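Colleague: Our numbering applies: residue 80 is where the sequence shown begins, and numbers increase by one.
Virtual Cβ for every residue (Gly too), placed ideally from N, Cα, C.
These figures come from a predicted structure and were not determined experimentally.
Can you keep this structure in mind? I'll have questions shortly.
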Amino acid sequence: MSDAHFLTTPQGRRIAYRKTLGQGPTILFCSGLKSDMEGTKAVYLEAWAKAKGLGYVRFDYSGHGESSGSFAEGAIGDWHEDTLAVVDQLTEGPIVVVGSSMGGWQALLLARAIPDRIAGMVTIAAAPDFTEDGYWASFTDAQKAELEEKGFVTMPSDYDEDYIISKRLIEEGRERLVLHTPLRMEFPVRFLQGTADTAVSTQTAIRLLNHVDGDDIRLTLVKGADHRFSDPECLSLIEKSVETVLARGRG
(Lines of atoms letter the chains of each structure in order from A and count residues from 1; the text may use other names and numbers.)
(Lines give C-alpha, C1' and ligand atoms only; values in the text may rest on other atoms or scores of the structure.)
Protein backbone atom coordinates (compact mmCIF):
# COMPACT_ATOMS: atom_id res chain seq x y z
CA MET A 1 0.00 0.00 0.00
CA SER A 2 1.27 3.46 -0.87
CA ASP A 3 2.32 5.76 1.94
CA ALA A 4 2.07 8.86 -0.24
CA HIS A 5 0.18 11.92 0.88
CA PHE A 6 -1.74 14.17 -1.49
CA LEU A 7 -2.34 17.87 -1.99
CA THR A 8 -4.65 19.69 -4.38
CA THR A 9 -3.26 22.44 -6.58
CA PRO A 10 -5.16 25.69 -7.23
CA GLN A 11 -5.95 24.20 -10.65
CA GLY A 12 -7.62 21.17 -9.04
CA ARG A 13 -4.92 18.57 -9.73
CA ARG A 14 -4.19 15.94 -7.07
CA ILE A 15 -0.45 15.69 -6.43
CA ALA A 16 1.20 12.78 -4.60
CA TYR A 17 4.13 13.59 -2.34
CA ARG A 18 6.33 12.37 0.48
CA LYS A 19 7.73 14.81 3.01
CA THR A 20 10.49 14.43 5.56
CA LEU A 21 10.63 16.91 8.42
CA GLY A 22 14.04 18.31 9.32
CA GLN A 23 16.27 21.29 9.85
CA GLY A 24 17.62 23.91 7.48
CA PRO A 25 16.44 24.73 3.97
CA THR A 26 14.05 22.10 2.67
CA ILE A 27 15.49 20.03 -0.17
CA LEU A 28 12.98 19.75 -3.02
CA PHE A 29 13.51 17.02 -5.61
CA CYS A 30 12.05 17.61 -9.10
CA SER A 31 11.97 14.47 -11.23
CA GLY A 32 12.36 14.13 -14.97
CA LEU A 33 9.88 13.66 -17.79
CA LYS A 34 7.80 10.50 -17.25
CA SER A 35 9.82 9.76 -14.14
CA ASP A 36 8.41 9.88 -10.62
CA MET A 37 9.34 10.28 -6.98
CA GLU A 38 10.27 6.60 -6.68
CA GLY A 39 13.34 7.03 -8.89
CA THR A 40 16.77 6.04 -7.62
CA LYS A 41 18.07 9.59 -7.13
CA ALA A 42 14.94 10.85 -5.38
CA VAL A 43 14.86 7.94 -2.93
CA TYR A 44 18.62 8.03 -2.34
CA LEU A 45 18.56 11.72 -1.45
CA GLU A 46 15.61 11.19 0.86
CA ALA A 47 17.53 8.56 2.86
CA TRP A 48 20.55 10.88 2.99
CA ALA A 49 18.42 13.83 4.14
CA LYS A 50 16.80 11.72 6.87
CA ALA A 51 20.22 10.62 8.12
CA LYS A 52 21.33 14.26 8.23
CA GLY A 53 18.14 15.51 9.88
CA LEU A 54 17.29 17.70 6.86
CA GLY A 55 13.87 18.58 5.48
CA TYR A 56 13.09 16.89 2.17
CA VAL A 57 10.18 16.70 -0.28
CA ARG A 58 9.70 14.53 -3.36
CA PHE A 59 6.55 14.47 -5.45
CA ASP A 60 4.89 13.38 -8.69
CA TYR A 61 3.82 15.92 -11.30
CA SER A 62 0.29 15.53 -12.62
CA GLY A 63 0.17 12.71 -15.16
CA HIS A 64 3.13 11.06 -13.44
CA GLY A 65 3.37 8.37 -10.77
CA GLU A 66 0.51 8.44 -8.27
CA SER A 67 -0.74 11.92 -9.12
CA SER A 68 -3.94 12.61 -11.05
CA GLY A 69 -4.16 13.31 -14.76
CA SER A 70 -2.83 11.95 -18.02
CA PHE A 71 0.77 12.45 -19.10
CA ALA A 72 -0.26 12.95 -22.72
CA GLU A 73 -2.47 15.89 -21.74
CA GLY A 74 0.15 17.64 -19.60
CA ALA A 75 2.59 20.42 -20.39
CA ILE A 76 5.60 22.19 -18.90
CA GLY A 77 3.41 24.93 -17.43
CA ASP A 78 1.13 22.40 -15.72
CA TRP A 79 4.11 20.78 -14.06
CA HIS A 80 5.48 24.19 -13.11
CA GLU A 81 2.15 24.97 -11.43
CA ASP A 82 2.33 21.62 -9.65
CA THR A 83 5.84 22.42 -8.42
CA LEU A 84 4.81 25.87 -7.20
CA ALA A 85 1.88 24.30 -5.31
CA VAL A 86 4.25 21.84 -3.63
CA VAL A 87 6.57 24.68 -2.59
CA ASP A 88 3.66 26.80 -1.35
CA GLN A 89 1.82 24.09 0.57
CA LEU A 90 4.65 21.92 1.87
CA THR A 91 7.59 24.24 2.58
CA GLU A 92 8.37 27.35 4.55
CA GLY A 93 11.44 29.53 4.24
CA PRO A 94 14.37 28.76 1.96
CA ILE A 95 14.55 25.70 -0.28
CA VAL A 96 17.36 23.92 -2.11
CA VAL A 97 16.07 22.64 -5.45
CA VAL A 98 17.46 19.46 -6.99
CA GLY A 99 16.22 18.94 -10.54
CA SER A 100 16.84 15.93 -12.78
CA SER A 101 16.47 16.24 -16.57
CA MET A 102 13.09 17.94 -17.16
CA GLY A 103 13.19 18.64 -13.43
CA GLY A 104 16.21 20.80 -14.17
CA TRP A 105 13.99 22.93 -16.39
CA GLN A 106 11.46 23.05 -13.57
CA ALA A 107 14.21 24.15 -11.18
CA LEU A 108 15.17 26.98 -13.52
CA LEU A 109 11.53 28.03 -13.79
CA LEU A 110 11.44 28.25 -9.99
CA ALA A 111 14.56 30.42 -10.11
CA ARG A 112 12.65 32.81 -12.34
CA ALA A 113 9.33 32.61 -10.45
CA ILE A 114 10.40 32.60 -6.78
CA PRO A 115 14.10 33.55 -6.63
CA ASP A 116 13.87 34.83 -3.06
CA ARG A 117 12.82 31.40 -1.80
CA ILE A 118 15.79 29.54 -3.25
CA ALA A 119 18.94 29.03 -1.18
CA GLY A 120 20.72 26.81 -3.69
CA MET A 121 20.27 24.54 -6.69
CA VAL A 122 21.68 21.31 -8.09
CA THR A 123 20.68 20.02 -11.51
CA ILE A 124 21.42 16.61 -13.00
CA ALA A 125 21.42 16.38 -16.79
CA ALA A 126 19.21 19.46 -16.91
CA ALA A 127 17.04 19.63 -20.02
CA PRO A 128 15.82 23.23 -20.31
CA ASP A 129 13.74 24.16 -23.36
CA PHE A 130 13.89 20.60 -24.73
CA THR A 131 10.40 20.84 -26.24
CA GLU A 132 11.61 23.60 -28.56
CA ASP A 133 15.35 23.08 -28.97
CA GLY A 134 15.17 19.30 -28.83
CA TYR A 135 11.85 17.94 -30.07
CA TRP A 136 10.61 20.71 -32.37
CA ALA A 137 14.05 21.47 -33.80
CA SER A 138 14.56 17.80 -34.68
CA PHE A 139 11.10 17.09 -36.10
CA THR A 140 10.92 16.36 -39.80
CA ASP A 141 8.39 18.12 -41.98
CA ALA A 142 6.34 14.93 -41.88
CA GLN A 143 6.36 14.89 -38.06
CA LYS A 144 5.35 18.54 -37.92
CA ALA A 145 2.51 17.84 -40.30
CA GLU A 146 1.44 14.84 -38.20
CA LEU A 147 1.53 16.98 -35.06
CA GLU A 148 -0.72 19.54 -36.73
CA GLU A 149 -3.11 16.91 -38.11
CA LYS A 150 -3.33 14.44 -35.22
CA GLY A 151 -2.37 16.69 -32.33
CA PHE A 152 0.51 14.44 -31.30
CA VAL A 153 3.50 12.43 -32.49
CA THR A 154 5.11 9.35 -30.95
CA MET A 155 8.77 9.51 -29.93
CA PRO A 156 10.89 6.50 -28.96
CA SER A 157 12.65 6.52 -25.59
CA ASP A 158 15.79 4.72 -24.46
CA TYR A 159 14.53 4.68 -20.89
CA ASP A 160 10.77 4.03 -20.96
CA GLU A 161 7.87 3.30 -23.25
CA ASP A 162 7.45 5.59 -26.25
CA TYR A 163 6.55 9.20 -25.49
CA ILE A 164 3.36 10.75 -26.80
CA ILE A 165 4.40 14.30 -27.64
CA SER A 166 1.36 16.54 -27.94
CA LYS A 167 0.93 19.73 -29.89
CA ARG A 168 0.07 21.42 -26.59
CA LEU A 169 3.36 20.28 -25.01
CA ILE A 170 5.28 21.95 -27.83
CA GLU A 171 3.22 25.13 -28.04
CA GLU A 172 2.85 25.65 -24.29
CA GLY A 173 6.55 24.97 -23.79
CA ARG A 174 7.31 28.07 -25.85
CA GLU A 175 5.81 30.14 -23.04
CA ARG A 176 8.26 28.61 -20.53
CA LEU A 177 11.63 28.86 -22.27
CA VAL A 178 14.53 29.83 -19.99
CA LEU A 179 17.52 29.86 -22.36
CA HIS A 180 16.08 32.56 -24.60
CA THR A 181 15.89 35.37 -22.03
CA PRO A 182 18.33 36.45 -19.29
CA LEU A 183 18.34 34.40 -16.08
CA ARG A 184 20.31 35.44 -13.01
CA MET A 185 20.66 33.23 -9.95
CA GLU A 186 21.79 34.84 -6.72
CA PHE A 187 22.54 31.55 -4.97
CA PRO A 188 25.03 28.70 -5.35
CA VAL A 189 24.32 26.44 -8.33
CA ARG A 190 25.90 23.14 -9.32
CA PHE A 191 25.15 21.65 -12.74
CA LEU A 192 26.04 17.95 -13.13
CA GLN A 193 26.27 16.25 -16.53
CA GLY A 194 27.46 12.90 -17.89
CA THR A 195 29.46 12.87 -21.11
CA ALA A 196 27.79 9.61 -22.28
CA ASP A 197 24.29 11.04 -21.91
CA THR A 198 22.34 10.36 -25.12
CA ALA A 199 19.24 12.29 -24.00
CA VAL A 200 20.87 15.58 -22.99
CA SER A 201 24.11 16.60 -24.66
CA THR A 202 27.20 18.03 -23.04
CA GLN A 203 26.70 21.00 -25.35
CA THR A 204 23.34 21.68 -23.68
CA ALA A 205 25.02 21.72 -20.27
CA ILE A 206 27.68 24.13 -21.50
CA ARG A 207 25.06 26.34 -23.13
CA LEU A 208 23.19 26.45 -19.82
CA LEU A 209 26.36 27.33 -17.91
CA ASN A 210 27.17 30.12 -20.33
CA HIS A 211 23.61 31.47 -20.33
CA VAL A 212 22.84 31.87 -16.64
CA ASP A 213 24.33 34.74 -14.69
CA GLY A 214 25.53 34.37 -11.10
CA ASP A 215 28.54 34.54 -8.81
CA ASP A 216 28.66 30.90 -7.66
CA ILE A 217 27.84 28.61 -10.56
CA ARG A 218 29.78 25.47 -11.52
CA LEU A 219 29.40 22.71 -14.10
CA THR A 220 30.84 19.26 -13.40
CA LEU A 221 31.19 16.82 -16.30
CA VAL A 222 31.47 13.12 -15.44
CA LYS A 223 33.20 11.16 -18.18
CA GLY A 224 31.22 8.08 -19.18
CA ALA A 225 28.13 8.81 -17.07
CA ASP A 226 24.80 8.36 -18.85
CA HIS A 227 21.44 10.11 -18.46
CA ARG A 228 20.41 8.04 -15.46
CA PHE A 229 23.38 9.40 -13.47
CA SER A 230 22.54 6.85 -10.77
CA ASP A 231 25.59 4.66 -10.19
CA PRO A 232 27.24 4.90 -6.74
CA GLU A 233 29.82 7.45 -7.87
CA CYS A 234 27.19 9.71 -9.44
CA LEU A 235 24.90 9.45 -6.41
CA SER A 236 27.82 10.40 -4.19
CA LEU A 237 28.55 13.42 -6.38
CA ILE A 238 24.91 14.53 -6.18
CA GLU A 239 25.04 14.22 -2.39
CA LYS A 240 28.27 16.21 -2.17
CA SER A 241 26.89 18.89 -4.49
CA VAL A 242 23.78 19.29 -2.31
CA GLU A 243 26.03 19.52 0.76
CA THR A 244 28.05 22.24 -0.98
CA VAL A 245 25.11 24.43 -1.87
CA LEU A 246 23.62 23.94 1.61
CA ALA A 247 26.88 25.12 3.16
CA ARG A 248 27.29 28.06 0.78
CA GLY A 249 23.65 29.04 0.36
CA ARG A 250 21.72 31.83 1.93
CA GLY A 251 19.20 31.05 4.63
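#1: Helix, strand or coil for P89? Go by DSSP, reduced to three states.
#2: Determine, using beta carbons only, whether D115 and D139 come nearer to each other than 8 angstroms.
#3: Taking three-plus beta-carbon pairs below 8 angstroms as touching, is the region 120–131 in contact with the region 142–152?
#4: Cβ of S320 versus every heavy atom of the ligand SAM: is any distance shorter than 7 angstroms?
#5: In whole angstroms, what is the alpha-carbon distance linking V136 and T299?
#6: Indicate whether F231 and A151 have their beta-carbon atoms separated by less than 8 angstroms.
#7: Leaving out five residues before and five after E251 in sequence, what residues of the same chain have Cβ atoms less than 7 angstroms from its Cβ?
#8: With a Cβ-Cβ cutoff of 8 angstroms, do L339 and P194 count as a contact?
#9: Assign K98 to one of three DSSP states: helix, strand, or coil.
#10: Could you spell out the range, first to last residue, of the alpha helix (DSSP H) harbouring T119?
#11: Run through the region 220–276 for me and flag every whole alpha helix (DSSP H) of 4 or more residues, listed as ranges in chain order.
Modeller: With the structure as the only source:
#1: Working through the sequence shown from its first residue, we reach residue 89 at position 10. In the structure shown, P89 sits in coil (DSSP, three-state: anything other than H, G, I, E or B).
#2: In the sequence shown, the residue the question calls residue 115 occupies position 36. In the sequence shown, the residue the question calls residue 139 occupies position 60. Yes, Cβ-Cβ distance for D115 and D139 is below 8 angstroms.
#3: no
#4: With respect to the ligand SAM, the structure offers nothing, as it holds no ligand at all.
#5: Numbered from its first residue, the sequence shown carries residue 136 at position 57. Numbered from its first residue, the sequence shown carries residue 299 at position 220. Each residue's Cα considered, the two are about 25 angstroms apart.
#6: Position 152 of the sequence shown holds residue 231. Position 72 of the sequence shown holds residue 151. Yes.
#7: Working through the sequence shown from its first residue, we reach residue 251 at position 172. Excluding sequence neighbours, E251 sits near A154, I155 and G156.
#8: Since the first residue of the chain shown is 80 and the last is 330, residue 339 is not available in this structure.
#9: To locate residue 98, count along the sequence shown from 1; it is residue 19. Of the three classes helix, strand and coil, the one that applies to K98 here is strand, per DSSP.
#10: As a first step, residue 119 must be located in the sequence shown, where it is residue number 40. Residues T119 to K131.
#11: 220–229 and 246–252
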